[in-house]
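A quick write-up on the structure given underneath.
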Amino acid sequence: LVLQGGSANRCIPSFLGSNSLLISSVFACVSTVMFSGWILFVLLIGSAFSDEEEEDELNYEQEDGIIVLTERNFDAFIKKNPSVLVEFYAPWCGHCKALAPEYIKAAEQLTIPLVKVDATVETELATRFGVNGYPTLKFWHESTDPIDYDGPRDADGKSYIV
1 LVLQGGSANR CIPSFLGSNS LLISSVFACV STVMFSGWIL FVLLIGSAFS
51 DEEEEDELNY EQEDGIIVLT ERNFDAFIKK NPSVLVEFYA PWCGHCKALA
101 PEYIKAAEQL TIPLVKVDAT VETELATRFG VNGYPTLKFW HESTDPIDYD
151 GPRDADGKSY IV
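Numbering (the UniProt record's numbering), first residue to last: 1 to 162.
In structure tokens:
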């Protein structure tokens, strides 16, 4: 078995003689189909991972009935829920610690989701929404622009926002 030289038919056995151009075309088509199949495979795998990421974004961690959001899932959650109260907090903040039990009670009483974001970890979100102190409460209602919540900070006081 001797292979012919040259770039167009270098993989064609010499015994194929004059049919080498036809065989070369067939090999080129097979190579193209195999490459296309590989691309399709890569795209399908990529879309599977993309779907997993979207599902991850819709699975939200909860602590005591409060939804915990991150930069990764924040926008999807706000988009999905027309009204949301968000607490931007710092774990070391005394005022945040004092608010926590009241926020949990409010989450049990209110029909809208109450969310918390650790602003010391999710710094891009804190910057994006102008968080300058802790805790900062912001209310989203059918928009992407939050309203600063400056009302009472006990469970009963928050009920008027619904």
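We treat Cβ as the ideally placed atom computed from N, Cα and C, and that holds for glycine.
| Check | Outcome |
| --- | --- |
| Can you list, in chain order, the residues of its chain whose CB lies under 6 Å from that of Pro82, leaving out five sequence neighbours each side? | Glu142 |
| Assign Phe77 to one of three DSSP states: helix, strand, or coil. | helix |
| Identify, in the order they occur along the chain, each residue of the same chain with its Cβ nearer than 7 Å to the Cβ of Val148, setting aside the five sequence neighbours on each side. | The sequence given here places Asp at residue 148; Val does not occur at that position. For Asp148, where only same-chain residues beyond five positions count, the Cβ hits under 7 Å are Lys138. |
| Compare the Cα-Cα distances from Glu61 to each of Val115, Asp145 and Lys97 and report the closest residue. | Val115 |
| Report yes if the C-beta distance between Pro146 and Leu99 is below 7 Å; otherwise report no. | no |
| Report the CB separation of Val117 from Val86 in whole angstroms; it is logged as a contact under 8 Å. | 6 Å |
| Could you please give me the residues that DSSP links to Val86 through a beta bridge? | Val115 and Lys138 |
| In whole angstroms, what separates the C-alpha of Asn59 from that of Pro152? | 30 Å |
| For Asn132, count neighbouring C-beta atoms within 10 Å of its own C-beta (all shown protein chains included) and say buried if the count is 16 or more, exposed if not. | exposed |
| So what's Glu61 in DSSP terms, helix, strand or just coil? | strand |
| Roughly how many angstroms lie between the CA atoms of Ile66 and Glu102, to the nearest whole one? | 11 Å |
| Can you give the Cα-Cα distance for Lys80 and Thr127, rounded to whole angstroms? | 22 Å |
| Let me confirm a value: Trp140 is counted as buried when at least 16 other C-beta atoms fall within 10 Å, else exposed. Which label applies? | buried |
| Do Val84 and Pro113 count as a contact pair if the criterion is CB distance below 7 Å? | yes |
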